[in-house]
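Novice:
Numbering (our numbering), first residue to last: 12 to 170.
What follows is the structure, given as structure tokens:
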């Protein structure tokens, strides 16, 4: 963004590699691990989405997986081990100060109407949409990868 470029102008050229947003880092085994800083860029293009119930938001934001009992909705035809963006079903997002309109319509397993939800994090679907309907309430349905709570937990190491 322009604001980031203006801030980068005050850093000496020798100390600056490149201005921008860090999307993730490579591990020692040369695998790329996405960081929560990439969430705002990935969320608008997410094909598969998961909405968690208000009671499970805090658990997810502390770094725990999403259980079936905390699953509010899931995009139809989500395959197992597919990357998903996790949203909150609450009217007030956890990272914003203004209220959002509530969900309207039926409560079946389908994609909710387009509302400006704030993404809370992302993960990997542990079960497909069809398996989610049949599993035990304590079964894990989304593996946690990153969430906005990492800004607080790891603020000294996030770049």
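Every residue, glycine too, gets a C-beta built ideally from N, C-alpha and C. Just so it is clear, the structure is predicted and the values come from calculations on it, not from any experiment.
Determine, using beta carbons only, whether residue 42 and residue 100 come nearer to each other than 7 Å.
Specialist: Numbered from 1 along the chain shown, position 31 holds the residue referred to as residue 42. Numbered from 1 along the chain shown, position 89 holds the residue referred to as residue 100. Between residue 42 and residue 100, the CB-CB gap reaches or exceeds 7 Å.
Novice: To the nearest angstrom, how far is the alpha carbon of residue 93 from that of residue 19?
Specialist: For this step, residue 93 is matched to residue 82 along the chain shown. For this step, residue 19 is matched to residue 8 along the chain shown. Distance between the alpha carbons of residue 93 and residue 19 is about 36 Å.
Novice: Leaving out five residues on either side along the sequence, give the residues of the same chain with a beta carbon under 6 Å from the beta carbon of residue 61.
Specialist: Taking the chain shown and counting its residues from 1, one reaches residue 61 at position 50. Closer than 6 Å at the Cβ level, and outside the excluded window around residue 61, lie 85, 95, 97 and 153.
Novice: Considering only residues of the same chain and omitting the five flanking positions on each side of residue 167, which have a CB-CB separation below 6 Å?
Specialist: The residue you call residue 167 lines up with position 156 of the chain shown. Around residue 167: no qualifying Cβ.
Novice: Alpha carbon to alpha carbon, how far is residue 90 from residue 22?
Specialist: Translated into the one-based positions of the chain shown, residue 90 becomes position 79. Translated into the one-based positions of the chain shown, residue 22 becomes position 11. Rounded to whole angstroms, residue 90 to residue 22 spans 45 Å at the Cα level.
Novice: Under 8 Å, with one C-beta from each stretch per pair, do the segment 22 to 35 and the segment 138 to 148 reach the 3-pair mark?
Specialist: no
Novice: Given a threshold of 16 other Cβ atoms within 10 Å of its Cβ, counted over all protein chains shown, does residue 80 qualify as buried or as exposed?
Specialist: Counting from 1 along the chain shown, the entry for residue 80 is found at position 69. So residue 80 ends up on the exposed side.
Novice: Am I right that residue 131 and residue 71 are in contact with their C-beta atoms under 8 Å? What's the rounded C-beta distance?
Specialist: Looking up residue 131 in the chain shown gives position 120. Looking up residue 71 in the chain shown gives position 60. Correct: roughly 6 Å between the Cβ atoms.
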